[in-house]
Each structure stands twice: as C-alpha cells, then as structure tokens.
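Contents: one structure, followed by commentary.
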Amino acid sequence: MGDDLHTLSPTALTILNHPAAIAVNQDPKGRSVYLVHHEKDAALDIFGLSSIQVWTGTLYGGDQIVFLLNAGGKDTKISASLEEIFTHDRPEGSAPQVKEEWEVYDLWAKRMDNDVAKKILDA
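One gets the numbering used here by counting positions in the sequence shown from 1 and adding 270 to each.
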C-alpha cells in the first residue's frame, strides 16, 4: 500500500482491509485476471470518464473469480455469461466449465461499512 493513513478515505480503507479482496489478491496461483468485456460508452462520472468492465481468472484450487466493475457515473446492470467468463479456455463457449453449475458469492457484500471505517480513521 502506498497511501498516507492520515489522508486515506473511509472507502479506500474498506477496500484495503477487506479479507476476501486480500485473499484474492494473495492467491497462491499468482495469475493475473484478464479483461473479457469493456464498454466505454457508459454514463460519465464526475471526471468525464466512463467504463464498464468484466475481468475474470482462475484461482488456486480451480475457483473462478469474476470482477464486474462499474466506473461510470450512475448505477447500472452488468452481467457476464459463462461463455464470456471462460472464453480464454476454449473458443466460442466450448469450454467444459460452461456446462457446469457454479455457486456465486458476492465478496463485496461483507465489506466494512464506510461509517465504521471513518470512525477508525478518525480515532
């Protein structure tokens, strides 16, 4: 981490100390995720930028990680098909994983609340 803890925002703290995010980042397999979808014409944010992205990769033990990133200026629905997620394993949806059942977990749902992070930073 290359941030000054005295000026760190509560949102940044919730990201940096999130156990699931740390576990994914420190996965023993050590492979990078790759971009499978990038849409640049989403609603603009306050800086005049927009981007909707889907990233995916395989973790140690065979789990698959999928990041749905909305860097646009408003809430939006993002989806990814199994064919998109496993496109690098075999072309055009022919990867065997496309036919398997998968359990889905929202790792972000259990992050620290911003108000709690603010209290920690203000202490």
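Ideal placement from N, C-alpha and C gives every residue a C-beta, glycine not left out.
All of these numbers come straight from a predicted model, not from anything done at the bench.
- In the DSSP assignment, residue 352 falls within the alpha helix (DSSP H) that extends over 352–355.
- Residue pairing by DSSP places residue 336 opposite 326 in a beta bridge.
- Taking a 10 Å sphere around the C-beta of residue 327, we find 16 or more other C-beta atoms and assign the residue as buried.
- Bridge pairing for residue 304: 326 [DSSP].
- Assignment of beta-bridge partners to residue 309 by DSSP yields 322.
- When secondary structure is reduced to three states using DSSP, residue 378 falls in the helix class.
- For residue 391, the uninterrupted alpha helix (DSSP H) segment begins and ends at 384–392.
- By the Cβ test, the region 285–295 is not in contact with the region 312–323, since fewer than three Cβ pairs between them sit closer than 8 Å.
- Nearest to residue 299 by C-alpha distance, out of 332, 291 and 307, is 332.
- For the set 336, 347, 340 and 371, the Cα lying nearest the Cα of residue 357 is the one of 336.
- At the C-beta level, residue 322 and residue 305 stay beyond 8 Å of one another.
- A Cβ-Cβ distance of about 7 Å is found for the pair residue 341 and residue 320, placing them in contact under the 8 Å criterion.
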